[in-house]
Amino acid sequence: MKPNYYQLYSDMFDEKIISNLKKDLSFLKKENVSNLDIINFDQEINLHSKSHNFENQKLRSYDENTITKVLSYQKEYALTDYQTSLHFKISRNTLRKWRNYYNR
Numbered sequence: 851m852k853p854n855y856y857q858l859y860s861d862m863f864d865e866k867i868i869s870n871l872k873k874d875l876s877f878l879k880k881e882n883v884s885n886l887d888i889i890n891f892d893q894e895i896n897l898h899s900k901s902h903n904f905e906n907q908k909l910r911s912y913d914e915n916t917i918t919k920v921l922s923y924q925k926e927y928a929l930t931d932y933q934t935s936l937h938f939k940i941s942r943n944t945l946r947k948w949r950n951y952y953n954r
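Shown next, in the form of structure tokens:
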């Protein structure tokens with residue numbers, strides 16, 4: 851069961867946690883919102899300070915669709931594991947494991 855991201859972020863806007871940003875939340879109403887969309891949106895509104903980003907990374911989960919998008923992004927732009935890990939804030943070992951698993 852996926853969380854209702856629209857309700858979560860709209861409550862945050864209502865409570866003025868995100869006061870300076872007026873974002874369109876309509877894409878969160880879609881039935882199939884990918885984890886990558888949520889992660890990107892979360893980074894855009896900068897909910898977490900930089901000190902919490904590392905701890906927050908431990909709590910992220912990725913579905914198969916998101917993993918394939920990350921791997922295809924890496925392949926499309928010919929990025930190394932290091933460059934991709936910096937961009938998506940994923941460990942290099944995780945990227946290597948995903949690539950070995952999904953490129954069978």
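Residue numbering for the sequence shown follows the numbering used here, beginning at 851 and increasing consecutively. Every residue, glycine too, gets a C-beta built ideally from N, C-alpha and C.
Which value, in whole angstroms, describes the spacing of the CA atoms of E926 and V920?
-> Cα-Cα distance, rounded: 10 Å.
Alpha carbon to alpha carbon, what distance is there between D931 and N943?
-> 9 Å
For L936 versus T916, is the C-beta distance shorter than 7 Å?
-> no
Spatial neighbours of S941 in its chain, beta-carbon cut-off 8 Å, leaving aside the 5 residues before and after = S935
Helix, strand or coil for E926 per DSSP?
-> helix
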